[in-house]
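Counting in the working numbering, the sequence shown runs from -1 upward without gaps. Just so it is clear, CB atoms sit at the ideal spot from N, CA and C, and this is done for glycine as well.
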Amino acid sequence: MESAKSAKNNNFCHDCQKEIELEGDDIKNGVLLVYDDNGEKINILKCNECFTENKALNNFRKCEVYSRVVGYIRPVEQWHKGKKQEFGERQEYIMPESNSFCC
Ligand SMILES: [Zn+2]
């Protein structure tokens, strides 16, 4: 329970940063979520409003994105400034279901 304590010392909602009120071991206006990240326990507090809206944990660590740049796949983080801007301007689309693309 040591790590649960450390999460409780940081008494803010993970999503909206609102202060979470604690009274002893009771959480007055939120919930404590415990996640297992490859054996490491992650303790997150969420206020009741954010927990109702989204029970999942999002944005808790940096995500490395790979994409195609001039012929091969590289982490976007390593692209130069101009290519990063171009990546930001890319738009996703869904190919229409059609046999006209079939070979
Ligand atoms: Zn919140």
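Contact between the region 42 to 49 and the region 86 to 95 is absent: fewer than three C-beta pairs spanning the two stretches fall below 8 Å. Where G28 is concerned, the enclosing beta strand (DSSP E) starts and stops at G28 to D35. When the five nearest sequence neighbours on each side are left out, the beta carbons in the same chain lying within less than 8 Å of the beta carbon of N52 are those of D13, in order along the chain. When the five nearest sequence neighbours on each side are left out, the beta carbons in the same chain lying within less than 6 Å of the beta carbon of E19 are those of K26 and N27, in order along the chain.
Residue pairing for N41: DSSP places it in a beta bridge opposite V32. With respect to the 8 Å criterion, K81 and V67 are classified as neighbours on the basis of their beta carbons. Rounded to whole angstroms, N8 and L55 show a C-alpha spacing of 16 Å.
In the assembly as shown, C61 is an exposed residue. Its beta-carbon has fewer than 16 other beta-carbons within 10 Å.
The alpha-carbon of G69 is positioned some 42 Å away from that of Q15. DSSP places E95 outside both helix and strand once states are collapsed to three, so it counts as coil.
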